[in-house]
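Numbering-wise, the sequence shown is residues 36 to 266 according to my numbering.
No residue lacks a Cβ here, since even glycine has one placed at the ideal position from N, Cα and C.
Treat the numbers as computed from the prediction; the structure is a model and nothing was measured.
This report refers to the structure that appears directly beneath it.
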Amino acid sequence: MFGGSPDHEEVRLSASDSELTVIAIDGPAGSGKSTVARRLAQALDLEYLDTGAMYRSVTHAALSRHLDPADHDAMARLAREVSIEIEADGTVVVDGIDATNAIRGSEVSQAVSVVAANPDVRAELVARQREWTRKRGGGVLEGRDIGTVVFPHANLKVYLTASTEARAARRARDENTADESKVADALTRRDQLDSQRRADPLRQADDAVLLDTTDLSIDEVVAALLGALRA
Ligand code: DC
Numbered sequence: 036m037f038g039g040s041p042d043h044e045e046v047r048l049s050a051s052d053s054e055l056t057v058i059a060i061d062g063p064a065g066s067g068k069s070t071v072a073r074r075l076a077q078a079l080d081l082e083y084l085d086t087g088a089m090y091r092s093v094t095h096a097a098l099s100r101h102l103d104p105a106d107h108d109a110m111a112r113l114a115r116e117v118s119i120e121i122e123a124d125g126t127v128v129v130d131g132i133d134a135t136n137a138i139r140g141s142e143v144s145q146a147v148s149v150v151a152a153n154p155d156v157r158a159e160l161v162a163r164q165r166e167w168t169r170k171r172g173g174g175v176l177e178g179r180d181i182g183t184v185v186f187p188h189a190n191l192k193v194y195l196t197a198s199t200e201a202r203a204a205r206r207a208r209d210e211n212t213a214d215e216s217k218v219a220d221a222l223t224r225r226d227q228l229d230s231q232r233r234a235d236p237l238r239q240a241d242d243a244v245l246l247d248t249t250d251l252s253i254d255e256v257v258a259a260l261l262g263a264l265r266a
């Protein structure tokens, strides 16, 4: 459960963080992060955290309360106050109500990049992500800034990518949509916002393992990453 963190200024890593086992998986939408992160977590007996679900949860809470996602101060306050529970089976509970499907809806998908560009929202969610990880002794975290900002000293940093066509086809399948070109447009727009924002943009960490998953199966990606971890 992610309650409001008592002191979100406290974002520096403590010395004990060197004891954590952290796998950081970053990349654009549809690059295969979630599936790969879940499988890696299973193989390594670690827990898995989808940090995108946290940005989506804040956005969902904003829309439910009729707040403007572009209102910087309102979003910063909301991020500190909102209760977000992400359960092991993927269920997401926002302020006590199951929002698992709602956070994946098009309304949230369209507004989430604006909320994720807010540096105060990011500071709060990054603090919660670090707290989640410390409590568990480590974890497999997926997002956009895990290897660059949240855990720059992760045991393994991975940057997954894939062609726009492959990513759009995967998203269209997930969303049960036939119109791949519409999905591709939305995806490209979100990638642009995520990689061009000033606060913690999507980018590959210098020491991340780069994998293009366009023509790889999940098994091949997982095997390659387990190999990289053991190398
Ligand atoms: O992975 P996703 O599509 O569910 O992510 C939703 C949005 O949140 C996306 O626009 C990028 C943003 N995000 C982020 O800025 N930082 C993260 N660590 C995870 C997601």
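Among the options, which has the Cα closest to the Cα of residue i?
| i | options | result |
| --- | --- | --- |
| Asn211 | Glu166, Ala259, Arg139 and Ser148 | Arg139 |
| Thr168 | Ala258, Asp85 and Ser144 | Asp85 |
| Thr248 | Asp61, Leu55 and Ser53 | Asp61 |
| Gln77 | Ile58, Ala64, Gly65 and Tyr90 | Ile58 |
| Asp241 | Thr223, Tyr194 and Ser198 | Tyr194 |
| Val127 | Met89, Arg112, Val256 and Ser216 | Met89 |
| Arg165 | Val185, Val175 and Arg73 | Val185 |
Would you say residue i reaches chain B, if we count a Cβ-Cβ gap shorter than 8 angstroms as a contact?
| i | result |
| --- | --- |
| Met110 | Within the model displayed, chain B is absent; a lone protein chain is all it includes. |
According to DSSP, which residues form a beta bridge with residue i?
| i | result |
| --- | --- |
| Ile253 | Answer is none; Ile253 lacks a bridge partner. |
| Lys192 | Ala59 |
| Val175 | Ile58 and Tyr83 |
| Ile121 | Val127 |
Using the beta-carbon count (16 or more within 10 Å), is residue i buried or exposed?
| i | result |
| --- | --- |
| Gln231 | exposed |
| Ile253 | exposed |
| Val68 | In the sequence on display, residue 68 carries Lys and not Val. Lys68 comes out buried. |
| Arg157 | buried |
| Thr183 | buried |
| Leu81 | buried |
| Ser92 | buried |
| Glu44 | Residue placement at Glu44 is poorly supported in this model, since its pLDDT is 36, which falls under 50; the coordinates are not used for a value here. |
| Ser53 | exposed |
| Lys192 | buried |
| Gly131 | exposed |
| Ser141 | exposed |
| Pro63 | buried |
| Leu245 | exposed |
| Val188 | Looking at the sequence provided, one finds His at residue 188 rather than Val. His188 comes out exposed. |
| Gly262 | exposed |
What would DSSP say about residue i, mapped onto helix, strand or coil?
| i | result |
| --- | --- |
| Leu245 | strand |
| Glu116 | helix |
| Arg265 | helix |
| Asp133 | strand |
| Arg206 | helix |
| Pro154 | helix |
| Gln145 | helix |
| Asp106 | coil |
| Leu237 | coil |
| His101 | coil |
| Ser53 | helix |
| Thr183 | helix |
| Asp220 | helix |
| Arg232 | coil |
| Asp226 | helix |
| Thr31 | Given a span of 36 to 266 for the chain in the structure shown, any question on residue 31 remains unanswerable. |
At a cut-off of 7 angstroms, is residue i close to ligand 1 when judged by its beta-carbon and the heavy atoms of the ligand?
| i | result |
| --- | --- |
| Val193 | no |
| Gln181 | Note on identity: in this sequence residue 181 is Ile, with Gln being the wrong assignment. Yes, since a heavy atom of ligand 1 falls inside the 7 angstroms radius drawn around the Cβ of Ile181. |
| Tyr83 | no |
| Val127 | no |
| Ala88 | yes |
| Gly67 | no |
| Val147 | yes |
| Asp155 | no |
| Arg225 | yes |
| Ala151 | yes |
| Gly140 | no |
| Asp91 | Note on residue identity: the sequence assigns Arg, not Asp, to residue 91. The answer is yes for Arg91. |
| Asp220 | no |
| Gly174 | no |
| Ala76 | no |
| Gly178 | yes |
| Asp209 | no |
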